[in-house]
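Student:
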Amino acid sequence: MARINWTCDELLLACALVVQNRWRGLRPADKRVQDLSQILRKLPLHDGAAPDPRFRSPGSVSLKTGNIVTARAGYHGAAMKGGQLTREVVADFTERPDEMLAAAKALHAGVASAEIVGIPAQEGETDLAREGQLLRR
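Numbering of the sequence shown is given in this note's numbering, commencing with residue 1 and proceeding in unit increments.
1. Here's the rule: buried if 16 or more other CB atoms are within 10 angstroms of the residue's CB, otherwise exposed. What is H46?
2. If we count Cβ pairs, one from each stretch, closer than 8 Å, do we get three or more for the region 73-87 versus the region 48-55?
3. Which term fits D98, buried or exposed, when burial requires 16 or more other beta carbons within 10 angstroms of its beta carbon?
4. Would a check of beta-carbon distances place K42 closer than 8 Å to chain C?
5. Could you check whether S37 and V61 sit closer than 8 Å to each other, using their CB atoms as the reference points?
6. Roughly how many angstroms separate the alpha carbons of P51 and R41, rounded to a whole number?
7. Quick one: residues in its chain with C-beta nearer than 6 Å to the C-beta of H108, no 5 flanking neighbours on either side, listed in chain order?
8. Can you grab the Cα-Cα spacing for the pair G83 / K64, in whole Å?
9. In chain order, what residues of the same chain lie with their CB nearer than 7 Å to the CB of V90, ignoring the 5 residues before and after it?
10. Reducing DSSP to helix, strand and coil, say where I119 ends up.
11. Do V19 and R27 have their C-beta atoms within less than 8 Å of each other?
12. What separation, rounded to the nearest whole angstrom, lies between the Cα atoms of A78 and G66?
13. Report buried or exposed for N5, applying the criterion of at least 16 other Cβ atoms within 10 angstroms of its Cβ.
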């Protein structure tokens, strides 16, 4: 499976999980990581990727939570390779935590209600769009 970049929507949910965990990473065995993995695999963002068990697996979600922790300003350890979009979403959570947590909650509610899961990609969308694609749909 080719590497698939994380979207803003996926990072929004993962970063909210890290913030709720007091800016600490989470392990693959953590139920919250396993639940997020299942949610990410349901999102209509990466056509055909979900059947691959490696796609947004608990291990990859756990790794991303570590990327998020080390991307936070003031982190004193060695930074992991999380990507520019990860750093931008982490900065947004640092600057506007209440707003970002509310956006994550709205996205999570949309997925839970199945309102978002069946929405096809819209014309002109790209995986790298900064704003949350699914909340706009």
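Where is the CB? At the ideal position from N, CA and C, for every residue including glycine. Treat the numbers as computed from the prediction; the structure is a model and nothing was measured.
Tutor: On the basis of the supplied data:
1. What you label residue 46 is simply residue 46 of the sequence shown in a count that begins at 1. Buried is the call here.
2. no
3. Taking the sequence shown and counting its residues from 1, one reaches residue 98 at position 98. It is exposed - the Cβ of D98 has fewer than 16 other Cβ atoms within 10 Å.
4. Here chain C cannot be found, since the structure has a single protein chain.
5. Mapped onto the sequence shown, residue 61 falls at position 61. Mapped onto the sequence shown, residue 37 falls at position 37. Taking 8 Å as the Cβ cut-off, V61 and S37 qualify as a contacting pair.
6. Position 51 of the sequence shown, counted from the first residue, corresponds to residue 51. Position 41 of the sequence shown, counted from the first residue, corresponds to residue 41. Approximately 8 Å between the Cα atoms of the pair.
7. Your numbering for residue 108 matches position 108 in the sequence shown. Nothing meets the Cβ criterion.
8. Here residue 83 is taken as the residue at index 83 of the sequence shown, counted from 1. Here residue 64 is taken as the residue at index 64 of the sequence shown, counted from 1. Distance between the alpha carbons of G83 and K64 is about 10 Å.
9. Counted from its first residue, the sequence shown places residue 90 at position 90. Result list for V90: C15, I68, A71, R72, in chain order.
10. Sequence index remark: in the sequence shown, residue 119 carries index 119 (1-based). For I119, the predicted structure reports a pLDDT of 47, less than 50, and the residue's modelled location is therefore unreliable. The matter cannot be settled from this model.
11. The residue given as residue 19 occupies position 19 in the sequence shown. The residue given as residue 27 occupies position 27 in the sequence shown. No. Outside cutoff.
12. Here residue 78 corresponds to residue number 78 of the sequence shown, with the count starting at 1. Here residue 66 corresponds to residue number 66 of the sequence shown, with the count starting at 1. Computed Cα separation, rounded: 11 Å.
13. The residue you call residue 5 lines up with position 5 of the sequence shown. N5 is exposed by the Cβ-count criterion.
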